[in-house]
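So the sequences go chain by chain: A and B. Take 1 as the starting number for the first sequence in the working numbering and just add one per residue. Take 316 as the starting number for the second sequence in the working numbering and just add one per residue. Every residue, glycine too, gets a C-beta built ideally from N, C-alpha and C. For reference, the structure is listed below as structure tokens.
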Amino acid sequence: MRTEAAELVFDEATKVYPGRESAAVDHLSLTVPAGEICVLVGPSGGGKTTALKLVNRLIPLTGGDIRIDGTSILEQDVVALRRSIGYVIQQVGLFPHMTVEGNIGTVPRLYRRPRSWIKARSAELLELVGLDPSYAKRFPAQLSGGERQRVGLARALAANPPLMLMDEPFGAIDPIVRARLQDEFLRLQKEIRKTVVFVTHDVDEAIKVGDRIAILREGGRLAQYDTPQQILEHPADEFVAEFVGRDRALKALALRTLGELELSPATEDGLPRLPADTSLRDALALLVAERRNALLVIGADGAPLGVATREDLLA
Amino acid sequence: MTGWRLADGGPVIPNFGRGSECLRDNGWLCTSWVRQHWGDILQPALVQHIELTLIAVGIGFAIAFLLALVGFRWRVFDPPLGAFTDILYTIPSIALYQLLVPVTGLTVTTIEIALVSYTLFVLYRNIVAGLRAVPPEVLESARGMGLTRRQTFLRVELPLAAPAILAGLRVATVATISIATVAAFLIYYGLGGPIFDALGQPDIFRTELLASGGLAILLALSADALLALLQRALTPWSRLR
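Okay, structure coming up:
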């Protein structure tokens, strides 16, 4: 399922709520390249959800502009604009009186797609989000929280939008299922390559999910917009450093895997073995726990690739 | 109702029958009488009663729905509309009939006006409550996906309010069937006709009372069951929670 993704540009986007002195989103300027995940993160009051809802005009801009593939959102019919953007929220908001298939077919029906098309599309999307096709005939009340969120994602993808807005999509889900959903979402994104704006208040989720992270501070001002690596290694200021946490060096280790290191040839026997796709953070944790100084990296086929020392991990 | 009976002393031979022994003894259910008068008393009364109910609930639903649309769309109108239907519901039915007689006379119209005004309360409340109960996240996702205001109402709000609306319809229908029997206080119409007739006899005419009263009860029960089935069929999802 190849789709085109859209470039999203915030251009001095500003929102001041009526009767408020200060802005909720203050001259926000950033560009999300087509096909990338941009995570908006920050403390409450940072205006991340407001910034997200400016894009599909659930909240009207009071200044500046937002462009999707060069076209201002203000120049488009608001209903057509929303139908062309996938929208996923924390509480999912599935329609309880419709089956899973009926829910997924919501936007395609607005586009007057035939029933057979919707049926096929729904089966395809269920598979994509990791649900059995038999779920098509179930009602939302018959699903678990994680399953509902998957259906919510499938529904947002139904009309193949070039842009997805996701407002804390995994926020209400227990940590174990959340981690799995995050992994599956990233796997899915590799396939479909949408432009995604993803709001979360969880720094770890932002680092895990984002190609780029926009950190917003109180008053809706952009503190830093960069890749997770850059933000962890070179926080722009005190606020960002504090927000990403004292353990940011460790978080940065979590972004890289053993496979990315330059390994030295194996000389020693009896080293702990770890697969190449283990993160440096997990590898270091193992060395600390086992009081060892080096480990043997093995490939997917189980063959040893080489040795990594503590110094290699921390370099 | 004893005041209606002739003030007399000992047992009176009921004048309802040259008929069977059962009738002479004023038995509880003389099948011969029921068979004999099904065509000229009971069946017409039953049909009239069903008509009264259908028209009252139909018109009542139409009015309540329009009022509910206003009360739902513009919240300021909800309290006064709610209070209005509440006041109508509070007036005792016999008093309402008597209030209406000078205006609309001793007619079926008078009865219908009274019956309709009683249905408004429960129907209005249930329709508004059903529409209001749609979860905010459902409305937000509808809006976010690009449904228009009208599409949101027809495809999301109204179907989600259906269980509450149908529940209101059930209560209104059963209540109307019951209140409609009192209409015969005004004119001989519906199942209340033979009921009042039986009660008005020097000695209560048991067979007629039981037959016509029983029909009213059966009618109420079957209407309730029918609407319950309709509710199940139309909103299969509502039983899943």
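Give the single residue among the options whose Cα lies nearest to the Cα of residue i.
i, options, result
"residue 310 of chain A", "A/211, A/67, A/161, A/295", "A/295"
"residue 178 of chain A", "A/146, A/138, A/38", "A/146"
"residue 128 of chain A", "A/112, A/109, A/152", "A/152"
"residue 307 of chain A", "A/301, A/227, A/270", "A/270"
"residue 422 of chain B", "B/504, B/385, B/471, B/392", "B/504"
"residue 272 of chain A", "A/291, A/63, A/279", "A/291"
"residue 385 of chain B", "B/444, B/457, B/549", "B/444"
"residue 360 of chain B", "B/481, B/495, B/416", "B/495"
"residue 408 of chain B", "B/433, B/508, B/394", "B/433"
"residue 31 of chain A", "A/148, A/57, A/226", "A/226"
"residue 143 of chain A", "A/185, A/96, A/115", "A/96"
"residue 92 of chain A", "A/149, A/4, A/184", "A/149"
"residue 65 of chain A", "A/28, A/286, A/253", "A/28"
"residue 403 of chain B", "B/380, B/428, B/416, B/418", "B/428"
"residue 232 of chain A", "A/15, A/244, A/304, A/138", "A/244"
"residue 440 of chain B", "B/474, B/536, B/480", "B/480"
"residue 537 of chain B", "B/483, B/492, B/497, B/358", "B/492"
"residue 357 of chain B", "B/527, B/468, B/487", "B/527"
"residue 314 of chain A", "A/239, A/279, A/211, A/130", "A/279"
"residue 135 of chain A", "A/111, A/256, A/102, A/68", "A/102"
"residue 45 of chain A", "A/190, A/26, A/189", "A/26"
"residue 81 of chain A", "A/165, A/274, A/98, A/190", "A/165"
"residue 303 of chain A", "A/180, A/34, A/58, A/276", "A/276"
"residue 202 of chain A", "A/298, A/301, A/171", "A/171"
Quick check on DSSP: helix, strand or coil for residue i?
i, result
"residue 144 of chain A", "coil"
"residue 187 of chain A", "helix"
"residue 370 of chain B", "helix"
"residue 203 of chain A", "helix"
"residue 10 of chain A", "strand"
"residue 473 of chain B", "helix"
"residue 212 of chain A", "strand"
"residue 352 of chain B", "helix"
"residue 422 of chain B", "coil"
"residue 321 of chain B", "With a pLDDT of only 39 at residue 321 of chain B, under 50, the local geometry of the prediction cannot be trusted, and no value is derived from it."
"residue 97 of chain A", "coil"
"residue 497 of chain B", "helix"
"residue 503 of chain B", "coil"
"residue 285 of chain A", "helix"
"residue 27 of chain A", "strand"
"residue 198 of chain A", "strand"
"residue 337 of chain B", "helix"
"residue 149 of chain A", "helix"
"residue 519 of chain B", "coil"
"residue 539 of chain B", "helix"
"residue 224 of chain A", "strand"
"residue 329 of chain B", "The predicted model places residue 329 of chain B with a pLDDT of 49, which falls under 50 and marks its position as unreliable; any figure quoted below should be read in that light. Correct three-state label for residue 329 of chain B: coil."
"residue 415 of chain B", "helix"
"residue 272 of chain A", "coil"
"residue 132 of chain A", "coil"
"residue 531 of chain B", "helix"
"residue 122 of chain A", "helix"
Hey, residue i and residue j are a contact pair by Cβ (cut 8 Å); roughly how many whole angstroms apart?
i, j, result
"residue 79 of chain A", "residue 459 of chain B", "Contact doesn't hold; Cβ gap of about 11 Å is too wide."
"residue 52 of chain A", "residue 61 of chain A", "Between residue 61 of chain A and residue 52 of chain A the Cβ distance is about 13 Å, and since that is not below 8 Å, they are no contact."
"residue 398 of chain B", "residue 446 of chain B", "The pair is not a contact, with the Cβ atoms about 19 Å apart (cut-off 8 Å)."
"residue 401 of chain B", "residue 436 of chain B", "6 Å"
"residue 161 of chain A", "residue 104 of chain A", "About 13 Å separates the two Cβ atoms, so there is no contact after all."
"residue 169 of chain A", "residue 88 of chain A", "5 Å"
"residue 108 of chain A", "residue 159 of chain A", "6 Å"
"residue 478 of chain B", "residue 546 of chain B", "7 Å"
"residue 375 of chain B", "residue 438 of chain B", "6 Å"
"residue 258 of chain A", "residue 284 of chain A", "Not confirmed; about 10 Å, so no contact."
"residue 453 of chain B", "residue 431 of chain B", "Not quite, the Cβ-Cβ distance comes to about 33 Å (not below 8 Å), so this is no contact."
Does the segment 196-207 of chain A come into contact with the segment 35-43 of chain A, if we say contact requires no fewer than three beta-carbon pairs (one atom in each stretch) closer than 8 Å? With the cut-off at 8 Å, the segment 196-207 of chain A and the segment 35-43 of chain A touch.
Check whether the segment 527-541 of chain B touches the segment 347-365 of chain B, taking contact to mean three or more Cβ pairs, one atom from each stretch, closer than 8 Å. yes
Where the segment 87-119 of chain A meets chain B: residues whose CB sits under 9 Å from a CB there: In summary, the residues of the segment 87-119 of chain A whose CB is separated from some CB of chain B by less than 9 Å are 87, 88, 89, 90, 91, 92, 93, 94, 95, 96, 97, 98, 99, 106, 107, 109, 110, in the order they occur in the chain.
Contacting positions in the segment 52-68 of chain A - beta carbon closer than 9 Å to chain B: 53, 56, 58
Residues of the segment 445-461 of chain B with a CB closer than 7 Å to any CB of chain A: list them in chain order, please. 452, 453, 455, 456, 458, 459, 460, 461
Using a Cβ-Cβ cut-off of less than 7 Å, list which residues of the segment 463-474 of chain B approach chain A; keep chain order. Result list: 463, 471, 474.
Is it the case that the segment 117-126 of chain A contacts the segment 193-204 of chain A, given that we only count it when at least three CB pairs across the two stretches are under 8 Å? no
Which residues, in order along the segment 136-168 of chain A, keep a beta-carbon less than 7 Å from a beta-carbon of chain B? 139, 141, 142
In the segment 282-306 of chain A, which residues sit with their C-beta less than 7 Å from some C-beta in chain B, listed in chain order? none
Interface positions of the segment 523-552 of chain B facing chain A (Cβ-Cβ less than 9 Å), listed along the chain: 550, 551, 552
For the pair the segment 19-26 of chain A and the segment 207-223 of chain A, tell me if three or more CB-CB distances fall below 8 Å. Touching, per the Cβ criterion.
Would you list, in chain order, the members of the segment 472-499 of chain B that have their beta-carbon closer than 8 Å to a beta-carbon of chain A? 474, 475, 477
Taking a cut of 9 Å between CB atoms, which residues from the segment 68-82 of chain A lie near chain B? 78, 79, 80, 81, 82
Beta carbons nearer than 9 Å to chain A: which residues of the segment 365-388 of chain B have them? none
Could you name the residues of the segment 409-432 of chain B whose beta carbon sits closer than 7 Å to any beta carbon of chain A, in the order they occur along the chain? none
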